[in-house]
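For the record, in the sequence shown the residue sitting at position 503 is 509 according to our numbering, with numbers rising by one throughout.
Worksheet for the structure shown next.
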Amino acid sequence: KQFQRFLLEHPKDDRAGDAQYYLACSLFGLKEYSQALTEFQHLIDVYLLNPFRIKAMLRKGDCLFSLDRFKEAILPYQEIVKNYSGEEEAAEAQFKIGESFYYLGEYEKAKEAYQRLIETYPESSWLENAYYSSGWCHFEQKNFLEAIASFGRVAEVSEDVQLRAKAQYYIGNAWHHQGNFKEAISEYQKFLSFYPGHALAPEAIYDIAHSFLKEGKPKEAILEFKKAAEMYPKSEVAPKANYWLAETYYSQGDYLLSLRAYQAVSYLYPASSQTRLAKYGIAWCYYKLEKLKEAEEAFLDFIKSYPEDELLSAIYFQVGEIQRALEDDDRAIETYKILAANYPQSKWAGSALYYLGNLLYKKDDFKGAVSAFERVAEDYPQSEFLARAYFNAGLNYERLKDYASARESFTKAKERSDKKEGVISSLKIAESYLKEEDWGKAEGVYGEIIKEDTSSFNPKARYGLAFSLYRQMAWEEAASQYQLFLKEDHLELMDKALFERGNCFFNLKDYQEAIKNYKKITKESSYLAQALYQIGISYYKDEDHGKAKEVLTKFVKEQLDSDLTPSAIYWLGWISFSEKDYKQAVLYYLQVVERYPQSIWAAKAQYGIGDSLYNQELYNEAKVEYEKVINNFKEEKELVKNANYQIGYSLYQLGKNEETVKQYRKILKDYPSKSNENANICLKIGGIYYAAGELKLAIAEYENIVKNYPSEFKEAQEALYWLGRTYEKGKNFKLAISSYQDLVKKYPASNWAAEAQFRIGLIQYEQGNFK
Numbered sequence: 007k008q009f010q011r012f013l014l015e016h017p018k019d020d021r022a023g024d025a026q027y028y029l030a031c032s033l034f035g036l037k038e039y040s041q042a043l044t045e046f047q048h049l050i051d052v053y054l055l056n057p058f059r060i061k062a063m064l065r066k067g068d069c070l071f072s073l074d075r076f077k078e079a080i081l082p083y084q085e086i087v088k089n090y091s092g093e094e095e096a097a098e099a100q101f102k103i104g105e106s107f108y109y110l111g112e113y114e115k116a117k118e119a120y121q122r123l124i125e126t127y128p129e130s131s132w133l134e135n136a137y138y139s140s141g142w143c144h145f146e147q148k149n150f151l152e153a154i155a156s157f158g159r160v161a162e163v164s165e166d167v168q169l170r171a172k173a174q175y176y177i178g179n180a181w182h183h184q185g186n187f188k189e190a191i192s193e194y195q196k197f198l199s200f201y202p203g204h205a206l207a208p209e210a211i212y213d214i215a216h217s218f219l220k221e222g223k224p225k226e227a228i229l230e231f232k233k234a235a236e237m238y239p240k241s242e243v244a245p246k247a248n249y250w251l252a253e254t255y256y257s258q259g260d261y262l263l264s265l266r267a268y269q270a271v272s273y274l275y276p277a278s279s280q281t282r283l284a285k286y287g288i289a290w291c292y293y294k295l296e297k298l299k300e301a302e303e304a305f306l307d308f309i310k311s312y313p314e315d316e317l318l319s320a321i322y323f324q325v326g327e328i329q330r331a332l333e334d335d336d337r338a339i340e341t342y343k344i345l346a347a348n349y350p351q352s353k354w355a356g357s358a359l360y361y362l363g364n365l366l367y368k369k370d371d372f373k374g375a376v377s378a379f380e381r382v383a384e385d386y387p388q389s390e391f392l393a394r395a396y397f398n399a400g401l402n403y404e405r406l407k408d409y410a411s412a413r414e415s416f417t418k419a420k421e422r423s424d425k426k427e428g429v430i431s432s433l434k435i436a437e438s439y440l441k442e443e444d445w446g447k448a449e450g451v452y453g454e455i456i457k458e459d460t461s462s463f464n465p466k467a468r469y470g471l472a473f474s475l476y477r478q479m480a481w482e483e484a485a486s487q488y489q490l491f492l493k494e495d496h497l498e499l500m501d502k503a504l505f506e507r508g509n510c511f512f513n514l515k516d517y518q519e520a521i522k523n524y525k526k527i528t529k530e531s532s533y534l535a536q537a538l539y540q541i542g543i544s545y546y547k548d549e550d551h552g553k554a555k556e557v558l559t560k561f562v563k564e565q566l567d568s569d570l571t572p573s574a575i576y577w578l579g580w581i582s583f584s585e586k587d588y589k590q591a592v593l594y595y596l597q598v599v600e601r602y603p604q605s606i607w608a609a610k611a612q613y614g615i616g617d618s619l620y621n622q623e624l625y626n627e628a629k630v631e632y633e634k635v636i637n638n639f640k641e642e643k644e645l646v647k648n649a650n651y652q653i654g655y656s657l658y659q660l661g662k663n664e665e666t667v668k669q670y671r672k673i674l675k676d677y678p679s680k681s682n683e684n685a686n687i688c689l690k691i692g693g694i695y696y697a698a699g700e701l702k703l704a705i706a707e708y709e710n711i712v713k714n715y716p717s718e719f720k721e722a723q724e725a726l727y728w729l730g731r732t733y734e735k736g737k738n739f740k741l742a743i744s745s746y747q748d749l750v751k752k753y754p755a756s757n758w759a760a761e762a763q764f765r766i767g768l769i770q771y772e773q774g775n776f777k
């Protein structure tokens with residue numbers, strides 16, 4: 007202000023030029039570079055003879071330099087060097103030409119400028135600065151050995167302690183960048199020895215630690231990082247040192263010490279640039295220490311603290327993984343959904359969708375799972391999970407019973423898998439056909455697998471082929487394929503295959519071969535009980551009743567709670583029945599009815615009791631048991647129908663003709679089929695009427711049989727005979743002969759035809775028609 011006032015009040019004073027210079031310098035000192043530039047330019051233009059004019063030109067360049075107008079700054083500096091080379095300002099101007107080129111990134115021109123100063127002004131005070139800055143040019147150009155030489159010149163002879171110290175420090179730094187970490191450490195240690203209190207001392211210790219890391223000496227690095235952090239806790243190096251101390255511990259697997267170092271950064275230096283990554287490191291340390299809950303909280307704290315951070319997609323993925331490990335599936339699902347929705351371009355998005363699909367599958371949300379897996383396929387075709395995503399989509403379609411879509415997904419999985427995984431997909435395709443009971447197509451796929459694959463999956467395919475044939479009732483082919491499977495000694499399905507192979511021979515009526523297979527089933531097998539049961543039935547079918555009873559009795563004794571026990575007891579009853587030991591049969595059947603009243607076998611056993619009593623001619627008792635079938639097992643339609651017939655037969659045997667006819671009429675109404683049974687009933691009704699002398703009713707029944715039932719029925723033949731007998735009994739010999747002749751004509755080979763022929767002769771004899 008004083009100089010401005012002086013110039014305003016005394017513009018013609020001889021000292022005006024000096025005042026102008028000091029005004030400009032004052033503005034420069036206040037960092038008002040643009041105003042200073044104006045004032046220096048005014049001096050240069052107006053005060054041509056002022057002794058400060060060269061300095062003003064120099065300071066003009068400094069103003070432009072300070073305003074980052076480096077290219078413009080060069081011009082005044084060059085003017086001084088050109089026009090005032092003998093002045094002391096020329097050396098400084100030459101140096102600053104170099105500095106301007108340096109900040110323009112034109113390092114070759116900068117070096118040339120520094121070299122000109124060195125050669126032209128060897129006694130200048132700017133000489134060491136020129137060497138130092140020349141070293142930086144080499145450094146920026148990654149010519150580290152040349153940089154070391156330049157810095158070394160300064161470190162050895164410079165009288166400027168600060169410059170000498172910095173040069174020494176950067177010698178170490180250059181060796182570090184050169185990759186010679188041993189030399190770097192040595193030069194840093196020399197720096198610390200010569201300049202222990204220097205501002206760069208924390209950096210030197212920190213750099214020594216990094217050099218040890220590069221040398222593969224983490225223990226030594228840890229000591230140096232700790233030294234930097236502990237000796238200079240308030241320096242800018244402290245948070246960096248603590249951070250790298252944590253990183254080094256982490257790399258060595260010492261996650262607890264790493265955690266403490268990261269926490270030191272976060273708590274002591276919350277505003278430092280290292281805090282963000284330290285928080286990230288804290289979360290990972292907890293994770294490595296298997297403190298998953300704390301890890302989750304730390305990751306979520308990072309998300310809250312840095313909501314726009316580039317690491318968020320990776321963090322969301324890791325949070326999902328942790329929640330999955332904690333079996334917190336609902337939160338994991340939400341986390342993966344956030345990642346997939348908000349970061350679809352992230353490398354983690356496809357993996358998140360894959361794991362989302364797995365979690366939805368686990369929760370039986372099969373449609374949601376399919377959607378997630380198909381998004382992996384559609385949006386992330388380069389995903390490492392692509393083949394598995396298709397495969398898992400197939401699994402979910404299976405659960406939805408959409409087997410066509412399941413096969414489509416398994417096929418796509420196969421196309422994108424190696425041979426081993428492809429076989430697994432083929433097996434699933436075949437299984438889908440099994441679930442649709444399309445045994446033929448399943449057979450085809452299993453056959454193709456066997457042709458193409460010789461791996462450990464081949465036995466599974468062989469079994470599948472055998473099972474497909476088994477379900478098609480191709481018993482011989484199935485038995486053959488089961489035998490090939492059994493040669494593979496595949497323990498997982500061995501007993502099941504033996505059981506089913508036994509069933510093949512059972513259905514082929516080769517009961518001895520069936521028994522051989524059943525007997526090979528291991529004692530630990532879940533099929534053992536079924537096999538024992540089938541052995542008993544096989545002996546029965548092979549008419550070895552003794553062994554059948556022995557095996558079935560053993561089964562009942564050992565398998566009281568088996569679903570097959572009621573049927574085993576029933577078959578014991580049936581064997582006794584077939585041996586005409588009806589009393590013993592009743593005892594077995596009663597066991598079934600009383601112990602297993604809800605079983606289908608109880609209904610059959612109840613019916614068997616009726617049959618056993620019927621065959622003992624205990625018709626009243628039999629009728630009671632048949633009525634129990636009707637009343638207690640209404641849902642067993644066929645048994646109820648048969649019981650109704652048997653009640654009729656029982657009444658017939660008891661001679662209760664009226665009740666018998668009533669029962670038979672009910673049967674004909676309830677079961678109006680043209681069956682042998684119904685023809686026989688009509689025949690019996692006719693017989694009752696015949697015996698009772700109700701001939702017209704008898705004739706109606708017999709004619710009904712002849713007209714309405716198939717002529718090949720033996721009942722139709724018998725009905726014709728009894729029609730004749732009824733006419734004969736009623737003295738209508740003409741119609742009797744007509745009926746007999748019709749019988750002889752239609753059924754000449756029938757036993758009834760011979761009887762009819764005899765009756766015709768007898769009638770004609772009694773009528774005197776001896777011819």
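Glycine included, each C-beta is placed from N, C-alpha and C at the ideal position.
Anyone know if the C-beta pair for residue i and residue j falls short of 7 angstroms?
| i | j | result |
| --- | --- | --- |
| Glu-683 | Tyr-655 | no |
| Ala-760 | Tyr-753 | no |
| Ala-136 | Phe-107 | no |
| Ala-393 | Arg-413 | no |
| Ser-544 | Pro-572 | no |
| Tyr-632 | Ile-653 | yes |
| Gly-579 | Phe-561 | no |
| Tyr-533 | Phe-505 | yes |
| Val-712 | Ala-722 | yes |
| Ala-491 | Arg-477 | Looking at the sequence shown, residue 491 is not Ala but Phe. No, Cβ-Cβ distance for Phe-491 and Arg-477 is not below 7 angstroms. |
| Tyr-695 | Leu-703 | yes |
| Gln-41 | Leu-33 | yes |
Since residue i and residue j are thought to touch, with beta carbons under 8 angstroms apart, how far apart are those beta carbons, to the nearest angstrom?
| i | j | result |
| --- | --- | --- |
| Glu-230 | Ile-211 | 6 angstroms |
| Leu-219 | Tyr-175 | Going by Cβ atoms, the distance from Leu-219 to Tyr-175 rounds to 19 angstroms, so no, they are not a contact pair. |
| Ala-99 | Gly-67 | 7 angstroms |
Quick check on the DSSP output: the alpha helix (DSSP H) that includes residue i runs from which residue to which?
| i | result |
| --- | --- |
| Glu-38 | Unbroken run through Glu-38: none, as it is neither H nor E. |
| Arg-731 | 720 to 735 |
| Lys-396 | Position check: residue 396 holds Tyr in this sequence, whereas Lys was assumed. 392 to 405 is the extent of the alpha helix (DSSP H) around Tyr-396. |
| Lys-555 | 551 to 564 |
| Glu-15 | 8 to 15 |
| Thr-126 | 113 to 126 |
| His-144 | 133 to 146 |
| Leu-169 | 167 to 184 |
| Pro-465 | 464 to 477 |
| Gly-767 | 757 to 772 |
| Trp-445 | 445 to 458 |
| Ser-584 | 571 to 584 |
| Thr-417 | 409 to 421 |
| Gly-508 | 497 to 513 |
| Phe-491 | 481 to 493 |
| Asp-748 | 739 to 752 |
| Gln-542 | For the sequence presented, residue 542 should be read as Gly rather than Gln. It spans 534 to 547 - the alpha helix (DSSP H) in which Gly-542 sits, taken as one unbroken run. |
Measure the alpha-carbon distance for residue i versus residue j and round it to whole angstroms.
| i | j | result |
| --- | --- | --- |
| Lys-373 | Asn-402 | 7 angstroms |
| Ile-636 | Lys-629 | 11 angstroms |
| Leu-660 | Ser-618 | 16 angstroms |
| His-551 | Ile-581 | 7 angstroms |
| Thr-254 | Lys-434 | 48 angstroms |
| Phe-674 | Lys-647 | The sequence as given places Leu at residue 674; Phe does not occur at that position. Their backbone Cα atoms lie some 11 angstroms apart in a straight line. |
| Glu-129 | Glu-209 | 33 angstroms |
| Gly-446 | Ile-456 | 16 angstroms |
| Ile-214 | Phe-308 | 31 angstroms |
Check whether chain D comes within 7 angstroms of residue i, counting only Cβ atoms and requiring the distance to be less than that.
| i | result |
| --- | --- |
| Phe-639 | Structure shown: chain D not included; a single protein chain is present. |
**Report entry** Those runs of the alpha helix (DSSP H) which lie wholly inside the region 660 to 690 and span at least 4 residues
**Finding:** 663 to 676
Requested in this report: Counting only runs of 4+ residues fully inside the region 217 to 297, write out the alpha helix (DSSP H) ranges in chain order.
Outcome: 224 to 237, 243 to 257, 261 to 274 and 281 to 294
Requested in this report: Run through the region 590 to 632 for me and flag every whole alpha helix (DSSP H) of 4 or more residues, listed as ranges in chain order.
Outcome: 606 to 621
Query raised in the report: What residue ranges within the region 314 to 346 form continuous alpha helix (DSSP H) runs of no fewer than 4 residues, ordered along the chain?
Result: 318 to 331
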